[in-house]
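Let me begin by presenting the structure, written as structure tokens, before commenting on it.
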Amino acid sequence: MSTSRPCCPVRGFRSACCVSELLRNTKYTVRNTSSASAVSLFRSTFHELRRSMSTDDASDDFPASKLERSGLFAKTGLKVGKNYAQYLMDRATGAEEEARKRELNAQNARDLFEEFTRLRGTALKLAQSMSMDTGLLPDEFMEVMAEAQYSVPPMNKALVRKRIRDGLGRFPELLFDDFEPEAMAAASLGQVHRARLDDGRDVAVKVQYPNVRETIESDLSVARTLFERLIQGDGVDAHFEEVKARLQEETDYLNEAQNIDHFADQYDGEKLVVPRPVPDRTAETVLTMTHVDGQHLDAFLDADPSPGERDRFGQLLWDFLHEQVAGNARTLHADTHPGNFLFRDDGRLGVIDFGCVKTFPQQFRDDMLRLFRARMAGDEDQITDLLYTLDILHDGLPAETQEELRHFFDEYGSLIVEPYRQSSFDFGDPAFRDRLQDCFEQASHLRAATGSPHFIFLNKALVGLLNLLTRLEARVDTTESLSLLNESLEGLGCAAVER
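Quick look at the structure:
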């Protein structure tokens with residue numbers, strides 16, 4: 001059984017709610033630098049951010065003002081140059097150089113893991129993003145940072161009580177029949193505690209870390225200034241605004257409660273388990289919802305599931321995405337990383353964390369369906385027209401860049417539609433995984449910032465799904481999903497797609 005992780009085929013289109021993924025979606029390039037210098041950049045940056053925050057008790061000392069955080073970023077910029085200069089001076093040659101680089105990568109990864117997990121917030125969002133992707137940073141880094149999805153130091157008990165009182169007006173012992181002060185999970189923006197209501201229902205209580213929401217705009221503003229020289233193209237501002245909007249939504253737990261209700265109404269049942277929010281125990285920074293049990297992906301795979309079990313859960317994941325775009329639906333659970341799905345003993349898939357939900361404009365949704373049909377039909381003229389409509393190609397780009405983008409999107413598009421060409425598709429196929437790797441290698445050389453900002457979260461969902469399915473090595477039936485897409489196409493007056 002293969003244990004290798006799939007690569008991300010689209011650096012420019014697998015983005016999460018954080019600066020890292022904004023940079024990916026604007027196809028930035030760190031000019032004249034190596035992967036080791038990129039590690040040095042991230043290490044230096046987050047070392048400074050870590051020092052700015054009380055890491056022992058996660059107190060309110062996290063710097064919230066733009067001035068404070070701008071100063072830290074500026075200081076980091078000076079250290080980046082020093083770190084990279086030292087790396088260049090110490091360079092060796094041949095096998096010795098490769099061994100030294102691997103050793104450096106591994107040590108940097110261990111240090112970064114500690115720093116990311118203590119920083120939380122946007123920093124940990126970055127770590128989670130990179131743990132699902134490859135190509136920008138070395139394999140040693142990716143393997144260590146993958147742990148950041150689950151291993152986060154929690155707030156202490158006193159701060160948890162304070163955060164709940166600040167959000168709900170009373171301490172947890174007055175709100176719940178039972179409340180476990182030790183967090184059962186801690187993530188990038190908040191941590192989760194088990195509790196029980198007076199009516200006997202088991203619930204999960206998500207408590208947001210201090211100052212997370214207040215620092216979003218200042219962090220993005222500073223990052224925009226810091227990285228503007230590394231980004232090419234005219235779409236930077238629009239991409240920043242899109243990421244900021246999703247981050248603001250994700251840190252509003254009242255908004256997430258509405259999302260949970262929507263998805264529970266639509267999907268909770270025989271195949272999927274979705275929690276329900278508890279309105280009178282929910283506020284902007286505290287979210288109480290019914291408890292959903294199950295194993296995360298790593299634990300599920302460690303238990304050596306049968307091929308049938310892998311296929312079943314792979315099918316549920318595949319169908320879930322397609323049901324979200326069926327008919328005239330435009331709302332998508334866009335955070336398809338492994339920590340947001342639970343593999344249950346009863347065969348159902350638990351779906352959790354509904355902070356990052358994207359509602360697409362009708363025109364964008366319709367154009368993407370038309371692009372899917374054109375790819376399946378091999379209609380090159382319509383593909384070209386739609387790439388211009390979606391602003392992936394435009395007349396302001398040099399001819400060489402236009403050709404580079406078209407070549408990449410031809411390969412990416414063919415990968416996306418390949419599963420639909422067969423009634424049953426094996427995501428464990430090594431040849432398919434190799435093509436993903438090749439596609440990513442192409443993406444790493446892209447230079448232009450193009451495409452609608454709505455691509456950010458569509459492709460975050462798509463590539464996250466590919467990650468899950470290839471790790472499961474699942475075989476899925478695509479008959480029903482193709483039928484759902486054809487129904488949507490017929491609603492646009494388009495002919496049905498044939499395999």
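In terms of UniProt numbering, the sequence shown has 498 at position 498, counting the first letter as 1, and numbering is strictly consecutive.
Just so it is clear, CB atoms sit at the ideal spot from N, CA and C, and this is done for glycine as well.
TODO: Return the CA-CA distance between S44 and H239, expressed in angstroms with no decimal places.
DONE: Here S44 scores only 48 on pLDDT, less than 50, and its place in the model should not be relied on; the value that follows carries that caveat. Just so you know, the alpha carbons of S44 and H239 end up roughly 25 Å apart.
Open item on the list: By the DSSP assignment, the alpha helix (DSSP H) with M376 in it spans what residues?
Closed with: Under the DSSP assignment, M376 falls in the alpha helix (DSSP H) whose first and last residues are Q362 to A377.
Task: Host alpha helix (DSSP H) of V160 (start-end) - done: V160 -> alpha helix (DSSP H) spans K157 to L168.
- [ ] List the whole-angstrom C-beta distance separating Q295 from L342, where the pair is believed to meet the contact cut-off of C-beta under 8 Å.
- [x] Correct: roughly 7 Å between the Cβ atoms.
- [ ] May I ask you to report which of helix, strand or coil DSSP gives Q295?
- [x] Under the three-state reduction of DSSP, Q295 is assigned to strand.
- [ ] Measure the C-alpha to C-alpha separation of R330 and E97 and round it to an integer number of angstroms.
- [x] Whole-angstrom Cα-Cα distance: 50 Å.
- [ ] Please name the residue, chosen from D199, D177 and K206, that lies closest to S188 on a Cα-to-Cα basis.
- [x] For S188, the closest of D199, D177 and K206 by C-alpha to C-alpha distance is K206.
Open item on the list: If I measure Cβ to Cβ from L468 and keep anything under 6 Å in the same chain, skipping five residues before and after, which residues do I get?
Closed with: Scanning its chain for C-beta atoms nearer than 6 Å, with the 5 sequence neighbours on each side dropped, one finds around L468 the residues L317, in chain order.
Task: Residues bridged to I424 [DSSP beta-bridge criterion] - done: Reading off the sequence shown, one finds Ser at residue 424, where the question assumed Ile. When DSSP reads this structure, S424 sits in a beta bridge with D477.
Task: Pair within 7 Å by beta-carbon distance, A326 and L484 - done: In this structure, A326 lies near L484, with their beta-carbon atoms less than 7 Å apart.
- [ ] Report buried or exposed for A474, applying the criterion of at least 16 other Cβ atoms within 10 angstroms of its Cβ.
- [x] By the 10 Å Cβ count, A474 comes out buried.
TODO: For the region 199-219 and the region 156-167, state whether three or more C-beta atom pairs, one from each stretch, are separated by less than 8 Å.
DONE: With a cut-off of 8 Å, the region 156-167 and the region 199-219 count as touching, because enough Cβ pairs lie within range.
- [ ] Please state if the CB of L349 and the CB of L272 are separated by a distance shorter than 7 Å.
- [x] Taking C-beta atoms as the reference points, L272 and L349 count as a pair closer than 7 Å.
- [ ] Name the residue from A283, D381 and A257 whose alpha carbon lies nearest to the alpha carbon of R170.
- [x] Taking the Cα of R170 as reference, the smallest distance to any Cα among A283, D381 and A257 is reached at A283.
TODO: Following the continuous alpha helix (DSSP H) through A399, name the residue where it begins and the one where it ends.
DONE: For A399, the enclosing alpha helix (DSSP H) begins and ends at A399 to V417.
- [ ] For Q258, collect the residues of the same chain with a Cβ closer than 6 Å to its Cβ; drop the 5 residues on either side in sequence, then sort them by chain order.
- [x] Non-local beta-carbon contacts of Q258 in its own chain, meaning distances under 6 Å to residues more than five positions away in sequence, are absent.
Open item on the list: In the DSSP assignment, the alpha helix (DSSP H) including V463 goes from what residue to what residue?
Closed with: F455 to L472 is the span of the alpha helix (DSSP H), which, as asked, contains V463.
- [ ] Leaving out five residues on either side along the sequence, give the residues of the same chain with a beta carbon under 6 Å from the beta carbon of L369.
- [x] Non-local beta-carbon contacts of L369 in its own chain, meaning distances under 6 Å to residues more than five positions away in sequence, involve S488 and L489 in chain order.
- [ ] Give every residue of the same chain whose Cβ lies closer than 6 Å to the Cβ of H322, excluding the five residues on either side of it in the sequence, and list them in chain order.
- [x] If we look at H322 and ignore the five residues flanking it on each side, its Cβ neighbours are S481 and L484.
Task: For A195, three-class secondary structure by DSSP - done: Strand.
TODO: Round the Cβ separation of Q315 and V476 to the nearest angstrom and send it over; I've been treating them as touching at under 8 Å.
DONE: In this structure Q315 touches V476 by the C-beta definition: roughly 5 Å separates them, less than 8 Å.
Open item on the list: Taking a contact to mean a Cβ-Cβ separation below 7 Å, would you say A264 touches V278 in this structure?
Closed with: In this structure, V278 does not lie closer than 7 Å to A264 by Cβ.
- [ ] Decide if the region 446-465 is in contact with the region 295-309; the criterion is three or more beta carbon pairs, one per stretch, under 8 Å apart.
- [x] In the pairwise beta carbon analysis, the region 446-465 is classified as not touching the region 295-309: fewer than three pairs are separated by under 8 Å.
- [ ] Within the same chain, show all residues whose beta-carbon is closer than 7 Å to that of D198, passing over the 5 residues directly before and after it, in chain order.
- [x] D177.
- [ ] Using DSSP bridges, identify the partner residues of F320.
- [x] Beta-bridge annotation (DSSP): F320 is not paired with any residue.
- [ ] Please state if the CB of R194 and the CB of E180 are separated by a distance shorter than 7 Å.
- [x] Contact: yes.
- [ ] Would you decide whether G491 is buried or exposed? Buried here means 16 or more other CB atoms lie within 10 Å of its CB.
- [x] When all chains shown are included, G491 counts as exposed.
Task: G428 to N156 span [Cα, whole Å] - done: Each residue's Cα considered, the two are about 42 Å apart.
Task: Residue burial classification, T215 (beta-carbon count within 10 angstroms, cutoff 16) - done: Per the 10 Å Cβ criterion, buried.
Task: Proximity of D367 and L332 at Cβ, strictly below 7 Å - done: In this structure, L332 does not lie closer than 7 Å to D367 by Cβ.
Open item on the list: Going by DSSP in three states, T215 sits in which element: helix, strand or coil?
Closed with: Residue state, collapsed to three classes: helix.
Task: Assigned exposure category for Q324 - 16 Cβ within 10 Å defines buried - done: Buried.
Open item on the list: On the criterion of 16 or more Cβ atoms from any shown chain inside 10 Å, does Y253 qualify as buried, or is it exposed?
Closed with: It is buried - the Cβ of Y253 has at least 16 other Cβ atoms within 10 Å.
TODO: Determine the extent of the beta strand (DSSP E) in which L332 is found, giving its start and end residues.
DONE: L332: member of the beta strand (DSSP E) spanning T331 to H333, first to last residue.
Task: Endpoints, the alpha helix (DSSP H) within which residue 580 is located - done: There is no way to answer for residue 580, as the model of the chain reaches only from 1 to 499.
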